[in-house]
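First up is the structure itself, then whatever we jot down about it.
Written out as structure tokens, the structure reads:
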């Protein structure tokens, strides 16, 4: 995946909280209605049992072919990230570009259906953060908080996907993670999240909500190279088959069954499923990507989730 060197970036969609004192003390984050991130509560409990994520305070995780993958110093995104050329050589700017593209797509999609898309801020943080849903740590994984309608991510999570989960990594899988979180924002705006009861299990509302967010991520991916930014140029110039395969590989590493078997006690307990199996996550991302149609993401009406 590459960015158009001349396309403009909008850093106002990102708030850089790194180095700002973290989350401090407070109640544990409570993320109802699908705001449990791409791995969600499983990652918190599993990694806590394994000794935690081990946050280093650095978000310099590299981004495959994106040059040095250097980190922008906290608070300087607006000074450093101006164009797609910056995104092609700097990891933090690349994440800004991904967020811009995802929100540009949903802005256009909502407008086509006579609705107004309300943009959500993504917050970069290190270690811990205070949110409208309570205090959270990096162990929670990336998540969407419906109480303040914002996305939160410690960028070191992308490194964890490779080192702990064994994912291949790369720019497009990272975009998939972010697009999944914005899928939860779309669900929030449409009222889908409010209609889903809490609970777990292979056909639970929680699983269906997460699989729909995966599908929405795939829909964005299908349109990534044709969605114009505010400057009129698509931010992303190409998405290769290798990019798609890497995203599917990531999806396969964050299924409930994979996490329980490979990062838990080795036993698969379907009653505790909250996000869907690896195969299901792959299926629904691919459904979105192959069709490019949000209407095909009706996991709640599907008899067979895959």
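In my numbering, the protein residues as written are 1427 to 1732.
Using N, Cα and C, we set each Cβ at its ideal position, and we do this for glycine too.
Predicted model, so just to flag it, every value in this text is computed and none were measured.
Going by DSSP, what residue range makes up the beta strand (DSSP E) through residue i?
{"i": "residue 1556", "result": "1554-1557"}
{"i": "residue 1563", "result": "1560-1563"}
{"i": "residue 1664", "result": "1662-1664"}
Mapping the DSSP letters down to three states, classify residue i as helix, strand or coil.
{"i": "residue 1571", "result": "strand"}
{"i": "residue 1655", "result": "coil"}
{"i": "residue 1511", "result": "helix"}
{"i": "residue 1576", "result": "strand"}
{"i": "residue 1620", "result": "helix"}
{"i": "residue 1428", "result": "strand"}
{"i": "residue 1516", "result": "strand"}
{"i": "residue 1732", "result": "coil"}
{"i": "residue 1540", "result": "coil"}
{"i": "residue 1434", "result": "strand"}
{"i": "residue 1722", "result": "helix"}
{"i": "residue 1699", "result": "coil"}
{"i": "residue 1694", "result": "coil"}
{"i": "residue 1527", "result": "helix"}
{"i": "residue 1626", "result": "coil"}
{"i": "residue 1600", "result": "helix"}
What whole-angstrom Cβ distance do residue i and residue j have, given they're in contact under 8 Å?
{"i": "residue 1681", "j": "residue 1713", "result": "Incorrect: roughly 15 Å between the Cβ atoms, too far for contact."}
{"i": "residue 1511", "j": "residue 1431", "result": "4 Å"}
{"i": "residue 1710", "j": "residue 1640", "result": "4 Å"}
{"i": "residue 1554", "j": "residue 1611", "result": "Between residue 1611 and residue 1554 the Cβ distance is about 22 Å, and since that is not below 8 Å, they are no contact."}
For the alpha helix (DSSP H) that contains residue i, what are its first and last residues?
{"i": "residue 1633", "result": "1631-1649"}
{"i": "residue 1685", "result": "1682-1689"}
{"i": "residue 1586", "result": "1583-1589"}
{"i": "residue 1676", "result": "1667-1679"}
{"i": "residue 1502", "result": "Premise fails: residue 1502 is in no alpha helix (DSSP H) and is neither H nor E."}
Quickly, what does DSSP pair residue i with across the bridge? List them, please.
{"i": "residue 1711", "result": "Bridge partners of residue 1711: none, in fact."}
{"i": "residue 1442", "result": "1550"}
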